[in-house]
Amino acid sequence: MKITLTHAASFIPAGSLNELAAKTAQCNALLENGQGAGNDFLGWVHLPSSITPEFLDEVQASADALRQRCEVVVVAGIGGSYLGARAVNEALGSSFDAFRAKDRKNPYVVYAGNNIGEDYLADLMEFLADKQFGIINISKSGTTTETALAFRLLKTMLEKQVGKAEAKNRIVAVTDRAKGALRSLATQEGYKTFVIPDNVGGRFSVLTPVGLLAIAVAGFDIRALVKGAQDMEQQTADNVPYEQNPACQYAAMRNALYQYGKKIEILVNYNPRLHYFSEWWKQLYGESEGKQHKGIFPASVDFTTDLHSMGQWIQDGERSIFETVISIKQANREVRVPMDEENLDGLNFLAGKRVDEVNKMAELGTRLAHIDGGVPNILIEFDKIDEYNIGQFIYFFERGCGISGYMLGVNPFDQPGVEAYKKNMFALLDKPGYEKESAAIKARLG
Ligand code: PA5
Numbered sequence: 020m021k022i023t024l025t026h027a028a029s030f031i032p033a034g035s036l037n038e039l040a041a042k043t044a045q046c047n048a049l050l051e052n053g054q055g056a057g058n059d060f061l062g063w064v065h066l067p068s069s070i071t072p073e074f075l076d077e078v079q080a081s082a083d084a085l086r087q088r089c090e091v092v093v094v095a096g097i098g099g100s101y102l103g104a105r106a107v108n109e110a111l112g113s114s115f116d117a118f119r120a121k122d123r124k125n126p127y128v129v130y131a132g133n134n135i136g137e138d139y140l141a142d143l144m145e146f147l148a149d150k151q152f153g154i155i156n157i158s159k160s161g162t163t164t165e166t167a168l169a170f171r172l173l174k175t176m177l178e179k180q181v182g183k184a185e186a187k188n189r190i191v192a193v194t195d196r197a198k199g200a201l202r203s204l205a206t207q208e209g210y211k212t213f214v215i216p217d218n219v220g221g222r223f224s225v226l227t228p229v230g231l232l233a234i235a236v237a238g239f240d241i242r243a244l245v246k247g248a249q250d251m252e253q254q255t256a257d258n259v260p261y262e263q264n265p266a267c268q269y270a271a272m273r274n275a276l277y278q279y280g281k282k283i284e285i286l287v288n289y290n291p292r293l294h295y296f297s298e299w300w301k302q303l304y305g306e307s308e309g310k311q312h313k314g315i316f317p318a319s320v321d322f323t324t325d326l327h328s329m330g331q332w333i334q335d336g337e338r339s340i341f342e343t344v345i346s347i348k349q350a351n352r353e354v355r356v357p358m359d360e361e362n363l364d365g366l367n368f369l370a371g372k373r374v375d376e377v378n379k380m381a382e383l384g385t386r387l388a389h390i391d392g393g394v395p396n397i398l399i400e401f402d403k404i405d406e407y408n409i410g411q412f413i414y415f416f417e418r419g420c421g422i423s424g425y426m427l428g429v430n431p432f433d434q435p436g437v438e439a440y441k442k443n444m445f446a447l448l449d450k451p452g453y454e455k456e457s458a459a460i461k462a463r464l465g
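This is the structure:
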């Protein structure tokens, strides 16, 4: 991978990056020496290099057991308990996977427990009604309402469909080693389980079984993914100087831009398969940095699609934004524009070119236009979308996030703000234990 800061540096005063660049070294060292805030959640820092081949074999064996039995596997989880797996699976899979029922080699992976939409759940259960399906239920706390609710519905349905004994072969739980309702339920029912390490928070957990199992079920190479992350762990370590350390460079530049009024970072991709990567990235940075009334707001767009909806704002709206562009050097598939004798659509100037070449010119043209329009631009280039590069991509952004959060002066590894809505929801639903809150919120609502 390569990071280019030239077209972001031109938007901040000369020399202003130097102090921040120096600060990245201190903040990166805090991730290594564990002396920063949230240091009980630093398990992700050396996670890639601590993954053993034996452990990957165990994950693969569990995935293979599900692959043999199931044509569909439902991944039930929310936030950090599903976004990583979905990001990787959608980046690597065919955009039309859902419609390839006949010639599929891999189970179709679908997602639940990440919303409370009744229509969504009804649609899902209708879809599963005539399918051989299994469930990976993922929840670190083991008590998350969205996930637990979906799991109760799906477990009930599966047991009716195939019987309790066979359902047991098709359910895997990924949760805390000891606590939470999911742990006790899984023990009671005798499900295969994987542990989410205590010191790895949800949004940093894609390289644990939280992500790896569902990725292996979908047929992707988890060894290559982990290898990419391991290599990036080395490239971003605290002994790698700023000039060679892409995570430090990224963290320094986004904090510099923030100091000069750029409060919104827009992650840009030019490949629709990366849509969920942006969703994963938004959670990673949003939940890590949005604290104490501080933090860059992470937004995302899929270009060129969103150039026809958000392009005007980005080109011409308030100058409080910067873009971080994920540029993929080479498409995986090849499609060329055909020649048409009649040329009624006027497209013969593109005949013979790869579609990716057209996309690349749209990318370059847009970058230049946005820079001219006053939008600082960080460019991050990857060779291609494959397991190895995605492994690099994941760890690069995780490391950049840890450094950046410390530079901002927050604890990047907690998420106290997420509790507020839950407290109100439980009070409104009369959950036992919330009687006082329930009375207060009902009085407030009249
Ligand atoms: O990053 C986080 O910690 C959160 O997004 C959690 O992953 C999310 O809230 C789901 O929590 P749990 O895994 O406990 O169900």
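Taking our numbering, the leading residue of the sequence shown gets 20, the next gets one more, and so forth.
Glycine is no exception: its CB is placed at the ideal position from the N, C-alpha and C atoms.
These numbers come from a predicted model, not from an experiment.
Counted within 10 angstroms of its Cβ, other Cβ atoms place Thr175 as buried (16 or more) or exposed = As a working mapping, residue 175 is identified with position 156 in the sequence shown. Burial call: exposed.
query = If you draw a straight line from the C-alpha of Ile345 to the C-alpha of Leu147, how long is it?
reply = Position 326 of the sequence shown, counted from the first residue, corresponds to residue 345. Position 128 of the sequence shown, counted from the first residue, corresponds to residue 147. When only Cα atoms are considered, Ile345 and Leu147 end up about 35 Å apart.
request  = For the beta strand (DSSP E) containing Ile22, list its first residue and its last residue.
outcome  = Indexing the sequence shown from 1 puts residue 22 at position 3. Unbroken beta strand (DSSP E) run through Ile22: Lys21 to Thr23.
Limits of the beta strand (DSSP E) - the one that Glu284 falls within = Numbered from its first residue, the sequence shown carries residue 284 at position 265. Run containing Glu284: Ile283 to Asn288, per the beta strand (DSSP E) assignment.
ask   = Where does Phe152 land, buried or exposed, given buried means 16+ other C-beta within 10 angstroms?
value = If you number the sequence shown from 1, residue 152 lands on position 133. Buried, because 16 or more other Cβ atoms sit within 10 Å of the Cβ of Phe152.
query = Rounded to a whole number of angstroms, what is the C-alpha to C-alpha distance between Ala131 and Leu363?
reply = Within the sequence shown, numbered from 1, the residue matching residue 131 stands at position 112. Within the sequence shown, numbered from 1, the residue matching residue 363 stands at position 344. If you draw a straight line from the Cα of Ala131 to the Cα of Leu363, it comes to about 46 Å.
inquiry  = Across the region 153-168 and the region 128-142, are there enough close Cβ pairs to call them in contact, namely three or more that are closer than 8 Å?
reply    = Yes: at least three Cβ pairs fall under 8 Å.
Under 8 Å between C-beta atoms of Ile399 and Ile22 = The count along the sequence shown starts at 1 and reaches residue 399 at position 380. The count along the sequence shown starts at 1 and reaches residue 22 at position 3. Their beta carbons are under 8 Å apart, which means Ile399 touches Ile22 by this criterion.
task = Indicate the three-state DSSP secondary structure (helix, strand or coil) for Ile190 in the structure shown.
result = Counting from 1 along the sequence shown, the entry for residue 190 is found at position 171. Ile190 falls in the strand class under three-state DSSP.
task = Label Ser100 either buried or exposed according to how many other C-beta atoms from any shown protein chain fall within 10 Å of its C-beta, with 16 as the threshold for buried.
result = Position 81 of the sequence shown, counted from the first residue, corresponds to residue 100. It counts as buried.
query = Roughly how many whole angstroms lie between the Cα atoms of Ile154 and Leu172?
reply = On the sequence shown, residue 154 is found 135 positions in, with the first residue counted as 1. On the sequence shown, residue 172 is found 153 positions in, with the first residue counted as 1. Approximately 11 Å, taken between the alpha carbons.
ask   = Candidates Ile215, Gln411, Ile422 and Ala186: which alpha carbon is nearest Gly199's?
value = Along the sequence shown, one-based indexing puts residue 199 at 180. The shortest CA-to-CA distance from Gly199 to any of Ile215, Gln411, Ile422 and Ala186 is the one to Ile215.
task = Let me know the alpha helix (DSSP H) ranges lying completely inside the region 28-93, each 4 residues or longer, listed in chain order.
result = Entirely contained in the region 28-93, the alpha helix (DSSP H) runs reaching 4 residues are, in chain order, 35-52, 66-69 and 72-88.
message = In this structure, how does DSSP classify Val214 when only helix, strand and coil are distinguished?
response = Position 195 of the sequence shown holds residue 214. It is a strand residue.
key: Contained beta strand (DSSP E) runs [length at least 3] in the region 224-298, N- to C-terminal order   = Listed in chain order, the complete beta strand (DSSP E) runs (minimum 3 residues) inside the region 224-298 are 283-288.
request  = Tell me, to the nearest whole angstrom, how far the beta carbon of Gly410 is from that of Lys301; I am working on the premise that it is less than 8 Å.
outcome  = On the sequence shown, position 391 is the one that residue 410 refers to. On the sequence shown, position 282 is the one that residue 301 refers to. With a Cβ gap of about 20 Å, Gly410 and Lys301 do not count as contacting.
ask   = Does the ligand PA5 have even one heavy atom less than 7 Å from the beta-carbon of Thr166?
value = What you label residue 166 is simply residue 147 of the sequence shown in a count that begins at 1. Within the cutoff, so yes.
Cβ-Cβ distance between Leu61 and Gly53 below 8 Å = As a first step, residue 61 is located in the sequence shown; it is residue number 42 there, counting from the start. As a first step, residue 53 is located in the sequence shown; it is residue number 34 there, counting from the start. Less than 8 Å divides the Cβ of Leu61 from the Cβ of Gly53.
task = Would you identify the three-state DSSP class for Ala350, choosing helix, strand or coil?
result = The sequence position of residue 350 within the sequence shown is 331, counting from 1. If DSSP states are grouped into helix, strand and coil, Ala350 belongs with coil.
key: Buried or exposed by the 16-neighbour rule on C-beta atoms within 10 Å, applied to Lys461   = Against the sequence shown, residue 461 aligns to sequence position 442. Lys461 should be labelled exposed.
task = Decide if the region 78-92 is in contact with the region 292-309; the criterion is three or more beta carbon pairs, one per stretch, under 8 Å apart.
result = By the Cβ rule, the region 78-92 does not count as touching the region 292-309, because fewer than three pairs are nearer than 8 Å.
query = Just curious, the alpha helix (DSSP H) that Asn443 is in, first and last residue?
reply = Along the sequence shown, one-based indexing puts residue 443 at 424. Element bounds for Asn443: Glu438 to Leu447.
Sequence-distant residues of its chain with Cβ nearer than 7 Å to Gly393 (five each side left out) = In the sequence shown, counting from the first residue as 1, residue 393 sits at position 374. Contacts found: Arg338.
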